[in-house]
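Here the structure comes first, spelled out in structure tokens, and everything after it is commentary.
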Amino acid sequence: MFGTVTAKTGPKAQVIVFMDAQCPCIFSHRETMSEIIDKYGTQRTIKAIFISQKDNKIDAEYTLSALGWNIPYIIDTARNYVKLYKPKILTECMLISPSGKILYHGAIDDSPQNMGQVKHRYLQNAIEEYLNHSPIPVKFAQGVGCLII
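Under my numbering, the residues of the sequence shown are numbered 79 to 227, in order.
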């Protein structure tokens, strides 16, 4: 838990993923996010934001363990991150610059729309472009998941 949320991320850009321990949608992105964590985890701060009023430490740690993701998490039952970043669906992610600018937001990949096949790795492509100091051509990609209400 935490107090005030600020948009600045420190010396590294960060990736945040909005989750709910009760929502299975994140499992469709398990492989893509695992690759991102393995490949960019030392260059980016990657964390999960659990936003359900019912989420607790045990559920969050169980979910991350089941996904095979060793990343920090925040249980944000006050929804401070939701208020700040305004995600629309669970599993929505954001790439945020060290100054707090949202460089990319939306789907991790397009596997839910393609029966599990990944054709577009939106988040990974945005990270690559950012690391190469290139413009990020896709700044938003609509994802599929449970609505955040």
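Every residue, glycine too, gets a C-beta built ideally from N, C-alpha and C. Just so we're clear, the structure is a prediction, and the values are computed from it rather than from any experiment.
Alpha helix (DSSP H) containing residue 97: first to last residue?
Here residue 97 belongs to no alpha helix (DSSP H); instead the beta strand (DSSP E) covers 92 to 97.
Straight-line CA distance for residue 124 to residue 108?
14 Å
Would residue 122 pass as a contact of residue 226 if the rule is Cβ separation under 9 Å?
Against a cut-off of 9 Å, the Cβ pair of residue 226 and residue 122 comes out as no contact.
Note down the Cα distance separating residue 148 from residue 126, rounded to an integer number of angstroms.
10 Å
Quick check: the Cα distance between residue 213 and residue 201, rounded to an integer number of angstroms?
14 Å
Where do the N-terminal and C-terminal ends of the alpha helix (DSSP H) with residue 172 fall, by residue?
Counting along the chain, residue 172 falls outside any alpha helix (DSSP H), though it belongs to the beta strand (DSSP E) covering 171 to 174.
Name the one or two DSSP bridge partners that residue 123 has.
92
How many angstroms separate the CA atom of residue 157 from the CA atom of residue 97?
Across the structure, residue 157 and residue 97 are spaced so that their CA atoms are roughly 12 Å apart.
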